[in-house]
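With my numbering as the guide, the letters of the sequence shown map in order to residues 570 to 818. All C-beta atoms in this analysis are idealised placements derived from N, C-alpha and C, irrespective of residue type, glycine included. Each remark here refers to the structure printed beneath this line.
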Amino acid sequence: MTTARLPLFPLNAVLFPGLVLPLNVFEERYRAMMRELLKTDEDEPRRFAVVAIRDGRETAPTAVGMPDATATPDAADRGPADGFGPDPVQTFHRVGCVADAAKIRERADGSYEVLATGTTRVRLLSVDASGPYLTAEFEELDEDPGDEAGALAEGVLRAFRSYQKRLAGASERSLTTGADLPDDPSVVSYLVAAAAVLDIPTKQRLLQAPDTATRLREELTLLRSETAVIRHLPSLPAVDLTRAPTHPN
């Protein structure tokens, strides 16, 4: 079992391997994390782990830009686990994703613009709140293809194109073509999971699927169901739904 201790970045979002994650980092505990990551040589990966929040807040109540009517003079002394309860490990989903920060740019006001990419699924083992930011112990999770992953991926891609068409109200020729989509089943499963308009618990369930085939089977069911629902809706603000947000932290 391969384990590693990494900086921990909780989010109200699920990160998948291969997907890009833009971050707007303004809270002090995450600024401290970025300052530490910038000490890593540029030729080395600047890695941290992203886990989805089961219950809690991405930002502490007294974070910059988050006014708190009950703020006290010693608010600046609050620790890195604020907002995540007495036992942070219980606040987070146990399967997350390692992120590699390709870009960390400090702004004039001390906040950071970060662009990271998901790399590897990991299982959360423990959380340490003793430093300026959360760190955690993780074990790497292998991606087992499972049975019939290739055939399932082809079906998921067809269902995804139909879903895209219904969601965007676009003509078939304006959609992404097969040549632009991956053919690796695991990559397909992650791409579809990230691109579909699904709630966090559903995306989390897809992330922690035991193998690629299981994830693809569930995606096929979800896509067919969502496409059927969209077909009967009079209108849908698809542009707003499909726009990827920058997560404020």
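- Query: Cβ of Met603 versus every heavy atom of the ligand SAH: is any distance shorter than 8 Å?
  - Reply: Of the ligands one can find in the structure shown there are none, so the ligand SAH has no counterpart to examine.
- Item | Buried versus exposed call for Ser695 [16 or more other C-beta atoms within 10 Å across all chains shown] | Translated into the one-based positions of the sequence shown, residue 695 becomes position 126. Exposed: under 16 other Cβ atoms inside 10 Å.
- Quick one: what's Asn581 bridged to in DSSP? Along the sequence shown, read from residue 1 onward, the residue named residue 581 stands at position 12. Answer by DSSP bridge pairing: none, since Asn581 is not bridged.
- Phe653, DSSP secondary structure in three states: Your numbering for residue 653 matches position 84 in the sequence shown. Of the three classes helix, strand and coil, the one that applies to Phe653 here is coil, per DSSP.
- Cβ atoms of Leu575 and Val664: under 9 Å apart, would you say? Position 95 of the sequence shown, counted from the first residue, corresponds to residue 664. Position 6 of the sequence shown, counted from the first residue, corresponds to residue 575. The answer is no: Cβ separation not under 9 Å.
- Give the secondary structure of Ala573 by DSSP, where H, G and I count as helix, E and B as strand, and everything else as coil. If you number the sequence shown from 1, residue 573 lands on position 4. Three-state DSSP puts Ala573 in a strand.
- Cα-Cα separation between Arg730 and Ala582, rounded to whole angstroms: As a first step, residue 730 must be located in the sequence shown, where it is residue number 161. As a first step, residue 582 must be located in the sequence shown, where it is residue number 13. About 24 Å.
- Message: My parser needs the alpha helix (DSSP H) runs of 4 or more residues fully inside the stretch 675-710; what are they?
- Response: none
- Task: Determine the direct distance from the alpha carbon of Gly687 to that of Arg615, and round the result to whole angstroms.
- Result: Sequence index remark: in the sequence shown, residue 615 carries index 46 (1-based). Sequence index remark: in the sequence shown, residue 687 carries index 118 (1-based). Rounded to the nearest whole angstrom, the CA to CA distance from Arg615 to Gly687 is 12 Å.
- Based on the DSSP output, what are the partners of Ala737 in its beta bridges? The residue given as residue 737 occupies position 168 in the sequence shown. According to DSSP, Ala737 bridges with nothing at all.
- Message: Give me, in chain order, the residues of the same chain whose beta-carbon lies closer than 6 Å to that of Gly724; leave out the 5 immediate sequence neighbours on both sides.
- Response: For the purposes of this step, residue 724 is taken as the residue at position 155 of the sequence shown. The residues are Leu789.
- Is Gly719 helix, strand or coil when you go by DSSP? Here residue 719 refers to the residue found at position 150 of the sequence shown. Correct three-state label for Gly719: helix.
- Would you call the stretch 587-596 and the stretch 699-712 in contact, with 3 or more CB pairs under 8 Å? Verdict: no, contact absent.
- Of the listed residues Lys672, Glu613, Arg692, Gln773, nearest to Met603 (C-alpha basis): Your numbering for residue 603 matches position 34 in the sequence shown. Taking each of Lys672, Glu613, Arg692, Gln773 in turn and checking the Cα distance to Met603, the smallest one comes out for Lys672.
- Can you tell me whether DSSP reads Pro586 as helix, strand or coil? On the sequence shown, residue 586 is found 17 positions in, with the first residue counted as 1. Note: Pro586 maps to coil in three-state DSSP.
- Message: Quick check on the burial criterion: 16 or more other C-beta atoms within 10 angstroms. Buried or exposed for Glu611?
- Response: Position 42 of the sequence shown, counted from the first residue, corresponds to residue 611. The residue is exposed, with fewer than 16 neighbouring Cβ atoms inside 10 Å.
- Option in Leu721, Thr609, Asn593 with minimal Cα separation from Asp752: The residue you call residue 752 lines up with position 183 of the sequence shown. Of Leu721, Thr609, Asn593, the residue nearest in Cα terms is Leu721.
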